[in-house]
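What follows is one structure encoded as structure tokens, with my remarks underneath.
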Amino acid sequence: MALYTLRRLLNAIPILIGITIISFAIIHMAPGSPLSQFTEDPTIKQVDKDNMIKAYGLDKPLYVQYWDWVSGLVRGDLGVSLLKNQPVADLILERLPNTLLLTVTSFLLSLLIAIPLGILCAVRAHSRLDQIVSGFTFVGISIPGFWLGLMLIILFAVKLGWLPSGGLQTVNADFSLIDRIKHLTLPVLTMAAGEVAIWIRYVRSSMLEVINQDYMRTAKAKGLPGNSILFRHGFRNALIPLATLFGLALPGFFAGAAILEQVYSIPGMGRLFIEGAFQRDYPVLFAIVTVGAFLTVLGSILADVAYAALDPRVNLSKQEVRG
Amino acid sequence: MPEAILEVKSLRTVFKDKHKELTVVDGIDFEIGPNEVVALVGESGCGKSMTSLSIMQLLPRSAEIAEGEVRYRGRNLVGMKNKEMAKLRGRHISMIFQEPMTSLNPVLTIGMQLTESIIRHLGVSKVEADTRADEWLKRVGFPEPARIRREFPHRLSGGMRQRVMLAMAMSCRPDLLIADEPTTALDVTIQAQVLDLIRELLKESDMSVLFITHDLGVVAEMATRVIVMYAGQIVETTDVRSLFQKPMHPYTKGLLNSTPRMKGDIEKLIPIAGSVPPAGMYPPGCRFADRCPLAEAVCRAEAPQLREVVPGHRVRCHLA
Ligand SMILES: Nc1ncnc2c1ncn2[C@@H]1O[C@H](COP(=O)(O)OP(=O)(O)O)[C@@H](O)[C@H]1O
Ligand SMILES: [Mg+2]
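Quick look at the structure:
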């Protein structure tokens with residue numbers, strides 16, 4: 142298993158290189174540049190403009206720029222933000238925990254709700270309960286996160302005034318857990334709403350696949366109690382496809398978080414990326430795209446490893462058993 | 023006569039959806055006494071599996087028992103609470119299924135699947151359960167039980183899996199075993215092996231057995247009494263000897279003519295023409311009339327009753 146994981150990780154290296162090259166090219170092809178605000182300004186002299194371009198290395202051919210960036214990356218140097226004048230690594234490390242807080246909390250919350258509810262809906266497929274839940278999941282999937290976020294802000298922050306409308310803590314106040322929870326409630330709920338809907342569907346459908354299998358009937362024929370049949374025999378099998386879906390969903394969490402960070406003014410990676418994109422802050426963009434690519438690849442590796450770990454049939458040793 | 027282990031009384035099982043009800047087991051009565059091995063025979067689609075699942079209360083969600091009783095040692099299992107039923111299943115009444123390839127859980131080791139019911143029903147420790155699992159694995163022919171216990175099902179052949187299922191079914195020493203075509207899905211050579219094994223286990227234990235098969239050849243080796251089923255009904259029931267020597271129902275005769283009795287007599291086999299009508303498409307009179315070489319006008323007009331023609335020998339045929 143360890144060997145398999147290692148091999149998958151090594152295989153991922155060329156993929157990552159490919160992704161960085163392509164995204165490097167695409168970002169550079171986009172119109173505008175980090176210096177647009179100066180270069181388009183007729184009051185700034187051409188010499189100064191040229192000097193600035195030179196200072197940022199933007200006059201070099203693209204492959205040289207890429208090479209410079211990659212060799213920096215290998216040394217652990219992500220460059221310096223062109224506009225904030227801070228090392229990109231610092232910017233990311235400052236923001237990443239906030240994004241993780243948002244994504245991990247809402248993901249755990251959504252699993253907590255989706256797993257039991259999904260199983261229940263599978264067990265009582267086509268019952269009234271199942272129909273109601275499936276109606277809610279349909280709504281949950283259809284509603285865009287930013288809209289739901291805005292609605293919740295209007296209701297709970299503006300109209301009722303129960304919860305803050307954005308940020309992660311009250312300005313100028315010391316850190317307090319209660320305050321943090323209050324600030325997180327709306328963004329986490331917004332993000333979890335969409336995820337719960339999706340995961341209820343995933344859990345329900347993978348559980349439905351399992352529930353009519355012959356081994357479930359065997360488990361019942363053995364006189365096992367309902368919970369043991371459902372979880373030990375049923376959900377344990379349903380987990381196999383779910384693990385794959387989770388790995389594939391991993392990068393999606395961060396995309397979703399990016400939008401909600403914007404709506405709720407949370408200083409996270411997504412907001413950093415959006416700011417960076419508007420200002421063509423190349424080093425910040427490259428760094429985040431690379432992190433994103435890394436997460437995507439990591440997600441699919443995790444999915445495969447989890448699959449192999451959960452499903453004994455995947456084991457590749459082909460020895461026959463006799464006896 | 024000693025108290026019956028199992029009594030099935032006018033059992034009717036239906037598949038149900040919003041629009042219609044489809045009777046697949048239509049008024050079945052039989053008993054199994056202590057230590058008795060009863061064979062239930064009939065072509066595929068006659069309702070044998072539905073009968074056995076009705077006894078175990080393991081019917082799929084779309085099916086239900088519409089009428090009748092299933093009594094185990096006098097207690098009616100129909101409508102029994104699931105919790106109560108779970109105490110009987112695997113402990114007092116066990117079942118093995120036709121599909122060895124899919125009946126074991128692919129993600130749990132053989133050991134886990136064997137010991138969980140032992141621990142549950144007999145209340146023994148994990149270690150003690152492992153020991154007992156090993157004993158049973160040995161008895162079903164695994165010389166190295168401890169190694170098999172750690173294996174996952176996909177590494178075992180169909181025959182091996184069915185032997186594991188057998189060990190599982192026997193592990194709590196039930197007094198009623200229901201075996202639903204346990205060898206049908208296996209290779210012919212493996213079939214004989216597993217049948218021998220079942221016979222041996224039966225000799226050593228005092229268990230009652232409902233042995234379901236579509237193969238009369240197997241019946242002769244296993245059972246003391248036979249129930250022949252056709253289109254959801256019992257058409258003939260008697261002890262094994264009279265069934266083979268004096269079969270009375272044309273369907274039974276047809277089954278016998280299409281079963282090789284001795285090696286090498288294949289050329290004399292005559293299959294029954296046609297096939298079992300699907301549930302809901304039964305003809306109005308005798309359900310076998312359309313395929314029966316002897317059918318007369320009365321057969322198509324009037325449904326025959328199951329009658330005791332000779333003491334201990336009941337037949338559902340106008341002409342018997
Ligand atoms: N899920 C189902 N829905 C509707 N009819 C079914 C279903 N399963 C079995 N049947 C019908 O029930 C009848 C008896 O089936 P079964 O008990 O499996 O036969 P056997 O075990 O004797 O081969 C058949 O006519 C079959 O078509
Ligand atoms: Mg069957």
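One line per chain: the protein sequences are A and B, in this order. If you read the first sequence in my numbering, its first letter stands for residue 142, the second for the next number, and so on. If you read the second sequence in my numbering, its first letter stands for residue 23, the second for the next number, and so on. Each residue gets a CB set at the ideal place from its N, CA and C atoms; glycine is no exception.
If you run the structure through DSSP and keep just helix, strand and coil, what is residue i?
{"i": "residue 232/B", "result": "strand"}
{"i": "residue 187/B", "result": "helix"}
{"i": "residue 251/B", "result": "strand"}
{"i": "residue 191/A", "result": "helix"}
{"i": "residue 123/B", "result": "coil"}
{"i": "residue 324/A", "result": "helix"}
{"i": "residue 143/A", "result": "helix"}
{"i": "residue 228/A", "result": "strand"}
{"i": "residue 92/B", "result": "strand"}
{"i": "residue 108/B", "result": "helix"}
{"i": "residue 372/A", "result": "helix"}
{"i": "residue 284/A", "result": "coil"}
{"i": "residue 378/A", "result": "helix"}
{"i": "residue 98/B", "result": "strand"}
{"i": "residue 173/B", "result": "coil"}
{"i": "residue 259/B", "result": "strand"}
{"i": "residue 221/A", "result": "strand"}
{"i": "residue 156/A", "result": "helix"}
{"i": "residue 166/B", "result": "coil"}
{"i": "residue 463/A", "result": "For residue 463/A, the pLDDT reaches just 49, beneath the cut-off of 50, and the residue's location in the model is therefore unreliable, leaving the point undetermined."}
Taking 7 angstroms as the cut-off, is the CB of residue i close to at least one heavy atom of ligand 2?
{"i": "residue 120/B", "result": "yes"}
{"i": "residue 237/B", "result": "no"}
{"i": "residue 25/B", "result": "no"}
{"i": "residue 452/A", "result": "no"}
{"i": "residue 228/B", "result": "no"}
{"i": "residue 86/B", "result": "no"}
{"i": "residue 355/A", "result": "no"}
Less than 7 angstroms between the CB of residue i and some heavy atom of ligand 1, yes or no?
{"i": "residue 70/B", "result": "yes"}
{"i": "residue 232/B", "result": "no"}
{"i": "residue 52/B", "result": "no"}
{"i": "residue 174/B", "result": "no"}
{"i": "residue 44/B", "result": "yes"}
{"i": "residue 362/A", "result": "no"}
{"i": "residue 441/A", "result": "no"}
{"i": "residue 67/B", "result": "yes"}
{"i": "residue 125/B", "result": "no"}
Could you check where the beta strand (DSSP E) with residue i kicks off and where it finishes?
{"i": "residue 31/B", "result": "28 to 38"}
{"i": "residue 198/B", "result": "198 to 202"}
{"i": "residue 62/B", "result": "59 to 63"}
{"i": "residue 335/B", "result": "335 to 337"}
{"i": "residue 116/B", "result": "115 to 118"}
{"i": "residue 54/B", "result": "43 to 54"}
{"i": "residue 330/B", "result": "329 to 332"}
Below 8 angstroms on the Cβ atoms is my contact criterion, and I expect residue i with residue j to pass it. Report the Cβ-Cβ distance as a whole number of Å.
{"i": "residue 447/A", "j": "residue 388/A", "result": "7 angstroms"}
{"i": "residue 348/A", "j": "residue 259/A", "result": "6 angstroms"}
{"i": "residue 131/B", "j": "residue 174/B", "result": "6 angstroms"}
{"i": "residue 237/B", "j": "residue 71/B", "result": "At roughly 15 angstroms, the Cβ-Cβ gap does not stay under 8 angstroms, so residue 237/B and residue 71/B are not in contact."}
{"i": "residue 204/B", "j": "residue 220/B", "result": "7 angstroms"}
{"i": "residue 471/A", "j": "residue 429/A", "result": "Residue numbering for chain A in the displayed model covers 142 to 464; residue 471/A lies beyond these limits and cannot be assessed."}
{"i": "residue 63/B", "j": "residue 186/B", "result": "At roughly 26 angstroms, the Cβ-Cβ gap does not stay under 8 angstroms, so residue 63/B and residue 186/B are not in contact."}
Residue i lies in the alpha helix (DSSP H); which residues open and close that run?
{"i": "residue 207/A", "result": "203 to 215"}
{"i": "residue 78/B", "result": "70 to 78"}
{"i": "residue 180/A", "result": "177 to 180"}
{"i": "residue 429/A", "result": "423 to 451"}
{"i": "residue 264/B", "result": "262 to 267"}
{"i": "residue 357/A", "result": "355 to 362"}
{"i": "residue 143/B", "result": "132 to 144"}
{"i": "residue 149/B", "result": "148 to 161"}
{"i": "residue 273/B", "result": "272 to 279"}
Ordered along the chain, which non-local residues of its own chain (more than five positions away) have a Cβ less than 7 angstroms from that of residue i?
{"i": "residue 237/A", "result": "410"}
{"i": "residue 41/B", "result": "none"}
{"i": "residue 336/A", "result": "247, 248, 251"}
{"i": "residue 168/B", "result": "156"}
Note down, in chain order, each residue of its chain lying with its Cβ closer than 8 angstroms to the Cβ of residue i, except the 5 sequence neighbours on either side.
{"i": "residue 452/A", "result": "381"}
{"i": "residue 209/B", "result": "180, 181"}
Could you pull out every residue in the same chain whose Cβ sits closer than 6 angstroms to the Cβ of residue i, ignoring the five residues on either side in sequence?
{"i": "residue 308/B", "result": "321, 326"}
{"i": "residue 310/B", "result": "252, 273"}
{"i": "residue 29/B", "result": "53, 93"}
{"i": "residue 55/B", "result": "26"}
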